[in-house]
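Below is one structure, written out as structure tokens; the observations come after it.
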Amino acid sequence: PHAEKKVALSNRTVEVELGFDAPTGFKEAQRCLNCDVQTVFNTSRCIECDACMDICPTSCISFTNNGEEEDLRARLVAPAYNHTQDLYVSENLPTGRVMVKDEDVCLHCGLCAERCPTAAWDMQKYLYQVTKATPIWNISEQSTI
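Shown next as structure tokens:
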């Protein structure tokens, strides 16, 4: 939210960018807690305009020729040094290049999806379910010897 134009132009020391009101602040705070929202890339929709790469604040998206993982890591816009995190490498695009995304530095901000003119990027919510151990029998059902 911004201050009214008349107020902002009347005094150059006035605060132009205002804080959120309580309801908007709560809504915005929830966005940061939604780690279950993931970027999904659709190769068939990509026209290789590089708009997603240009807008990404962490430079985690690169378009490059395919190759071995070590070679790819070195050729990214921002080299991927965390070898414990796999890279996402798309299928071959029409020019023969691939889209490579370093998930280790991706903020999941959704700017790539907003900027993409063909909706090749999509933000999708995932529900991660962890299998939990369940007892095969109940202690109260055991017979005493």
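Using this note's numbering, read the sequence shown as starting at 941 and increasing by one per residue.
Every residue, glycine too, gets a C-beta built ideally from N, C-alpha and C.
Beta-carbon gap between residue i and residue j smaller than 8 Å
i       : j       : result
Arg985  : Thr1035 : no
Met1039 : Ile1001 : yes
Asp1055 : Asn1005 : Reading off the sequence shown, one finds Arg at residue 1055, where the question assumed Asp. For Arg1055 and Asn1005, no; Cβs fall outside 8 Å.
Pro997  : Cys1052 : no
Per-residue DSSP class, three states only, for residue i
i       : result
Glu957  : strand
Lys1072 : coil
Through-space distance from residue j to residue i, alpha-carbon basis
i       : j       : result
Thr1024 : Glu1043 : 11 Å
Val1017 : Asn982  : 21 Å
Lys1072 : Val954  : 55 Å
Gln1032 : Glu1008 : Rather than Gln, the amino acid found at residue 1032 in this sequence is Asn. Computed Cα separation, rounded: 14 Å.
Buried versus exposed call for residue i [16 or more other C-beta atoms within 10 Å across all chains shown]
i       : result
Ala1060 : buried
Thr964  : exposed
Ala991  : buried
### Task
Quick one: which unbroken alpha helix (DSSP H) runs of 4-plus residues sit fully inside the region 958-1039? Chain order, please.
962-973, 991-995, 1009-1015
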